[in-house]
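Residue numbers (the working numbering): 35 to 366.
Even glycine gets a Cβ: it sits at the ideal position worked out from N, Cα and C.
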């Protein structure tokens, strides 16, 4: 039979109220008594009734993590960073995969509220007005990862996506590329990838290069989007390089080029974004803009736990550094 809180109190020689205070980390219990109670808990293998405890404290020590696509290597690495920090602070994780579906995003937000999650680490496919309105209604402590919201004061951790894309395209321009294609989210989408399109355009404009709609393919984030995108672009015009808003898109584009007998990088340079593990082992190894993926998850979770515990954030919107990784998919 499982040990009860009464058994712990009896073993430690204290009241049930004292055991409760120790479990809830209330400071009034002296250190010697606290050690005795904790020893009794360990000896008896006592596990608190989480449901009863959460009803009393209004906290479940559970946080939700909402991600758009678990099959994309970018997101599991963020989750790993977040989970490592959550474990340190004794929080459990509820992982919600939305399959790039806004309705599922909204449903998961409601479910996390109903399940009394203490907060949410949120990677949204697109921060549309109806999503933001729901966030306001639910009033859950929340930190955005990868994206930021200009309209709402929601704490976030990300890189400067526009500057990172600008740096990537400027790198291609310095190599002498003038006809640079773009495959990724369009500017109407309210997420990080769409911000990268602004960086792409700014790099071309500042270098007096044409923004040609025939070289632009707005897409989702899968390898098939890169495959389909480059085929459509090459049916319309000639290019000398491609800037992709994630590594999966770049890999799909390279596969399409290979089928056409077009060599990378000898004929066309290809640049990815994110620096997922696959980018370093794919052939040719991808030149890419690297995000500190694990750190985004760990910093985001630390911010969220502070919010849950009503602690002040030193920074509301953390901007982490990006880095250009030179490999083999662009000419040396």
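Three or more pairs of CB atoms, one per stretch, sit closer than 8 Å, so the region 159 to 178 contacts the region 338 to 349.
Here the alpha carbon of residue 185 sits roughly 19 Å from the alpha carbon of residue 139.
Judged by beta-carbon spacing, residue 245 lies beyond the 8 Å limit of residue 275, meaning their Cβ atoms are not closer than that value. Where residue 57 is concerned, the enclosing alpha helix (DSSP H) starts and stops at 50 to 57.
Looking from the CA of residue 152, the closest CA among 97, 260, 57 and 328 belongs to 97. In this chain, the beta strand (DSSP E) harbouring residue 357 covers 357 to 359.
The residue among 332, 156, 267 and 317 with its C-alpha nearest the C-alpha of residue 119 is 332.
Taken atom to atom, the span from the alpha-carbon of residue 65 to that of residue 72 is near 10 Å. Put simply, the region 317 to 337 touches the region 106 to 117. At least three CB pairs are less than 8 Å apart.
Going by beta carbons, residue 358 and residue 323 fall inside the 8 Å limit.
Residue burial is scored here from C-beta neighbours: residue 231 has at least 16 other C-beta atoms within 10 angstroms and is therefore classed as buried.
Between residue 263 and residue 281 the beta-carbon gap is near 14 Å, outside 8 Å, which marks them as no contact. The beta carbon of residue 128 sits closer than 8 Å to the beta carbons of 96, 97, 98, 99, 146, 149 and 151 from its chain, once the five residues preceding and following it are set aside; these are given in chain order. In the DSSP assignment, residue 41 falls within the alpha helix (DSSP H) that extends over 39 to 46. Runs of the beta strand (DSSP E) spanning 3 or more residues and lying entirely within the region 246 to 334 occur at 250 to 252, 275 to 278, 303 to 308 and 321 to 324, in chain order.
In the structure shown, residue 225 adopts coil according to DSSP, grouped into three states. Comparing alpha carbon positions, the residue from 162, 189, 135 and 326 closest to residue 223 is 162.
In this structure, residue 195 lies near residue 233, with their beta-carbon atoms less than 8 Å apart.
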